[in-house]
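Chemist: Under the numbering used here, the residues of the sequence shown are numbered 6 to 271, in order.
We put the CB at the ideal spot given by N, CA and C, even for glycine.
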Amino acid sequence: MKNSKIRSASSAILPIHVFPYPGSKRWLLPRAAKFFRAHECQTLIEPFAGSGVVGLSLLNAGIIKKLVLVEKYHKTASVLQAMLDDPELADRYAAFECTRTNVENLIRNEESAFRYLVHARCCYRGRFDLSLDPQLDAHFCREKVVASIRRVHAMRDAIVVINGDAFVEMPKYAADRNVGCFADPPYTADPRSRGHQLYRHHRLNHQKLFSLLAGWHGPWLLTEDNSRMVRRLALCYRFHCKRVPMRTALNKKKKELMISRRRRVF
Ligand SMILES: C[S@@+](CC[C@H](N)C(=O)[O-])C[C@H]1O[C@@H](n2cnc3c(N)ncnc32)[C@H](O)[C@@H]1O
């Protein structure tokens with residue numbers, strides 16, 4: 006008991022969590038930190054970035070030196086990019102009064118990274134396309150969000166954001182031993198998986214992703230749905246597959262898969 010507490014404390018890192026996101030891997034941070042501490046890399050690519058919470062937190066903790074975030078959905082990518090480019094994003098968030106009228110006006114009148122950020126903070130589970138939460142400011146978290154945006158902005162020289170396709174960007178880094186990969190694709194290998202409803206870009210050739218990772222030279226970690234389809238793929242590629250417990254946004258217990266090529270350290 007004592008030992009496990011000590012172990013989890015040593016892998017705990019500060020989350021750099023700017024906006025909530027469906028399928029966010031914030032809960033996986035201690036395991037990801039432990040993995041990339043044991044399997045060092047200079048640069049990390051997160052080809053399905055979403056909120057980028059894993060890569061940004063590893064960078065902030067000094068576990069990696071550079072971060073490449075790739076995200077296909079332009080709204081999500083624009084928030085990530087704005088954290089690097091817009092020195093006023095944090096100030097504007099700090100000054101924004103989170104009332105229903107203000108949020109509705111913002112959503113009606115603006116198509117900007119700031120609008121997507123506020124929308125993600127004020128709607129159900131960070132989905133830009135859903136209606137506002139009845140308890141509008143429950144997840145506004147002014148101080149925490151402002152501090153995280155400032156932190157990301159301060160690290161901007163070490164971060165690249167690409168609004169593009171994982172399958173175009175990943176091959177550029179595959180042969181470089183110094184580049185690690187944390188891949189958290191939409192969970193859509195099984196036609197019945199929830200991932201199909203959660204993301205604008207949900208169609209994915211999972212076998213192609215497995216094949217790319219099989220030829221990846223640096224360390225990599227893949228998360229996937231605990232479905233028979235994925236377990237079979239992992240078996241075919243002789244990857245290590247571990248079921249890890251987590252709680253969904255609705256507080257339901259479930260298991261997801263952590264898949265890797267090397268000796269397990271999690
Ligand atoms: C499971 S979510 C990532 C969540 C993220 N790990 C987090 O903690 O917030 C998967 C993301 O991959 C994006 N995506 C889907 N297909 C993609 C592709 N071909 N290239 C890049 N991004 C893609 C989706 O838009 C979605 O944001």
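1) Of all the alpha helix (DSSP H) runs that stay within the bounds of the segment 116-194, which reach a length of 4 or more residues?
2) Spatial neighbours of Phe133 within its chain, please: CB distance less than 7 Å, with the 5 preceding and 5 following residues excluded, ordered by chain position.
3) Measuring only the C-alpha atoms, how far is Leu111 from Phe187?
4) Does the separation of the CB atoms of Pro20 and Arg36 fall below 8 Å?
5) Answer with buried or exposed for Asn65, where buried requires no fewer than 16 other C-beta atoms within 10 angstroms of its C-beta.
6) Is Val157 near Leu61, with beta carbons less than 8 Å apart?
7) Whose C-beta lies closer than 7 Å to the C-beta of Met234 among residues of the same chain, with five residues either side of it excluded?
8) Can you give me the Cβ contacts of Tyr178 inside the same chain, cut-off strictly under 7 Å, excluding the 5 residues immediately before and after it?
9) Can you tell me whether Pro35 is helix, strand or coil according to DSSP?
10) So is the beta-carbon of His201 under 7 Å away from any non-hydrogen atom of ligand 1?
11) Nearest CA to the CA of Pro27: which residue from Trp225, Arg237 and Gln202?
12) With DSSP as the reference, identify every bridge partner of Trp22, one or two as the case may be.
13) So is Met251 buried or exposed if we call it buried at 16+ other beta carbons inside 10 Å?
14) Starting from His201, follow the alpha helix (DSSP H) in both directions and report where the run begins and ends.
15) Go ahead and label Asp96 buried or exposed: buried means 16 or more other beta carbons lie within 10 angstroms of its beta carbon, across all protein chains shown.
Modeler: By the coordinates alone:
1) 118-127, 147-159 and 171-174
2) Excluding sequence neighbours, Phe133 sits near Lys80, Tyr121, His124 and Ala125.
3) 34 Å
4) no
5) buried
6) Cβ distance < 8 Å, so Val157 and Leu61 count as in contact.
7) Ala194 and Asp195
8) Ile50 and Val184
9) Helix.
10) no
11) Gln202
12) The identity of residue 22 in the sequence shown is His, whereas the question assumes Trp. In the DSSP output, where bridge partners are listed per residue, His22 has none listed.
13) Here Met251 is exposed, its C-beta having fewer than 16 other C-beta atoms within 10 Å.
14) Gly200 to Leu203
15) exposed
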